[in-house]
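Residue 452 in the numbering used here sits at position 198 of the sequence shown; the count goes up by one each step and never skips. Don't be surprised by glycine CBs; every beta carbon is placed ideally from N, CA and C. Note that this is a predicted model, so its numbers are computed, not measured.
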Amino acid sequence: MDKLRLLATTTFGLEACAKREITALGFTDISVQDGRVDFSGGFEAIPKANLWLRTADRVMLIVGEFEATTFDELFEGTKALPWGDWITEDGKFTVTGKSVKSKLFSVSDCQAIVKKAVVERLKQKYSREWFPETGPEYKIQVGLLRDKATLSIDTTGPGLHKRGYRPAVSEAPIKETLAAALVDLSYFRRGRVLYDPFCGSGTIPIEAAMASKNIAPGLKRRFVSESWPQLDEKTWRETRQEARDAVSSDKIELFGTDIDPDIIETARHNAKRAGVADCISFEAKNIFDITALPSEYGVAIMNPPYGERLATMDEAAALYKRVGEIFRQNPNWSVCLLTSDEDFEKYYGKRADSKRKLFNGMIKTDYYQYHGKRPE
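Spelled out as structure tokens, the structure:
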């Protein structure tokens with residue numbers, strides 16, 4: 255097993271962001287499907303991908319893939335896979351599943367069949383009939399898409415959006431992975447000024463600061479595969495040290511405001527936990543009280559309240575109108591805004607230069623982008 259087959263799961267619409275990250279990390283055999291990016295690497299790819307991926311949800315180890323249109327095919331195909339290469343004799347394992355456009359549509363039945371097949375394979379491997387399940391944890395996933403079964407093991411544990419810096423959140427938070435994607439898809443790059451006028455608990459500016467300072471998003475958390483004997487402690491320790499050594503000391507300027515003073519205190523606390531408190535200026539301020547932007551040029555990235563989330567539709571419309579007034583008076587600024595309101599452009603007062611469909615949790619949204627002038 256010199257080369258492992260892995261996949262990074264993503265929220266729909268963020269596959270391109272994850273692919274760019276995976277390519278930058280030097281992995282090979284990269285291919286993209288809806289909601290996932292497949293790639294290959296050595297054993298060190300598991301800690302490296304988990305520590306560094308900003309926009310992916312989790313990293314899965316692919317054990318095998320095969321066609322399965324009957325329960326017998328699913329059982330035999332699963333049983334033929336080398337589960338004993340990964341699951342220890344005392345390993346604790348569970349099975350989750352999903353099925354899309356496949357003849358085997360009963361997820362609960364598929365999970366039970368996979369569980370039984372894995373047990374039968376482990377019986378052959380370890381020559382025993384009963385397993386204590388007191389050791390390392392292995393979460394197996396059976397994914398069926400158009401009658402193709404993908405059997406994989408979760409190497410991450412709690413999703414990659416669990417960075418560890420945000421124990422407290424505002425009422426309607428944006429996931430860290432989506433916030434990182436909004437930054438990646440924007441015109442913000444290291445050296446530019448960023449401003450979020452609806453920063454809430456600070457997720458967007460914090461993710462921008464971490465990316466600018468090259469802080470690995472998983473540096474301050476643990477992963478389920480750290481307990482696996484196949485991945486020795488030295489590999490994890492060296493990968494973490496390389497990530498610490500890669501942190502940049504460059505000075506960056508980021509700003510966040512929000513109407514709620516308590517949420518601003520939470521944002522400051524979160525920034526401190528993330529190690530970027532010196533990079534971001536947070537201030538309690540109402541969008542209707544803003545008369546000047548932090549600099550002549552910059553990028554505004556925001557996830558404002560919208561009707562089905564926090565504010566009423568009338569209140570959201572007033573917010574969008576105010577945002578449009580501010581930034582039309584400051585044409586040097588690029589504006590990137592996420593909302594589910596299909597009438598946003600009407601309230602803003604201008605058609606977006608581009609927009610992209612994304613999902614904020616279960617809410618279908620559009621990411622509107624307005625191109626500002628670049629600094630000379």
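Here the alpha carbons of Glu-391 and Asn-586 stand approximately 52 Å from one another. When the alpha-carbon of Ile-617 is set against those of Asp-595, Lys-377 and Thr-282, the nearest one is in Asp-595.
Rounded to whole angstroms, the gap between the alpha carbons of Ala-310 and Thr-566 is 32 Å. The alpha-carbon of Gln-495 is positioned some 46 Å away from that of Tyr-602. One thing to note: Ile-284 has its Cβ no nearer than 7 Å to the Cβ of Phe-347. Arg-400 and Lys-357 have their C-alpha atoms roughly 8 Å apart. In this structure, Ala-546 sits away from Val-589, with a CB-CB distance that is not shorter than 7 Å. Per DSSP, reduced to three states, the secondary structure at Glu-496 is helical. With contacts defined by Cβ atoms closer than 7 Å, Gly-510 and Phe-536 form a contacting pair. The beta strand (DSSP E) runs of length 3 or more contained entirely in the segment 487-555 are, from start to end of the chain, 508-512 and 534-538. Classified as buried, Gly-552 has 16 or more neighbouring CB atoms from the shown chains inside 10 Å of its CB. Secondary structure note for Gly-615: it is in no alpha helix (DSSP H), with a DSSP letter that is neither H nor E. As DSSP reads the structure, Cys-590 sits in a beta bridge with Ile-555 and Gln-623. The C-beta of Asp-408 has 16 or more other C-beta atoms within 10 Å across all chains shown, which makes the residue buried. A check of alpha carbon separations from Val-372 across Leu-436, Leu-398, Gly-345 and Glu-487 identifies Gly-345 as the nearest. The C-beta distance from Ile-300 to Ser-479 rounds to 6 Å, short enough to fall under 8 Å.
Inside the segment 429-484, DSSP marks whole beta strand (DSSP E) runs of 3 or more residues at positions 448-450, from first to last along the chain.
In this structure, the straight-line span from the alpha carbon of Asp-499 to that of Leu-485 is close to 22 Å.
DSSP places Tyr-574 in the uninterrupted alpha helix (DSSP H) bounded by 567-582. Under the three-state reduction of DSSP output, Phe-329 falls in the helix class. In terms of CA proximity to Asp-438, Leu-268 leads the group Thr-332, Arg-259, Leu-268 and Leu-260. Bounds of any alpha helix (DSSP H) do not take in Tyr-392; it lies within the beta strand (DSSP E) bounded by 391-399. Three or more beta-carbon pairs separated by less than 8 Å are not found between the segment 376-387 and the segment 453-468, which leaves the two stretches without contact. With contacts defined by Cβ atoms closer than 7 Å, Leu-414 and Leu-307 form a contacting pair.
Looking from the CA of Phe-297, the closest CA among Lys-402, Trp-482, Gly-418 and Ala-435 belongs to Trp-482.
Going by DSSP, Ser-406 is part of the beta strand (DSSP E) stretching over 402-408. Shortest Cα-Cα distance from Asn-584 to any of His-625, Glu-599 and Asp-514 involves His-625.
In the three-state reduction of the DSSP assignment, Glu-387 falls in the coil class, being assigned neither a helical nor a strand state. Around Pro-558, the same chain offers Phe-452 and Leu-573 as residues with beta carbons nearer than 6 Å, after the five sequence neighbours per side are excluded. Our two residues, Val-396 and Ala-435, have alpha carbons roughly 27 Å apart in a direct line.
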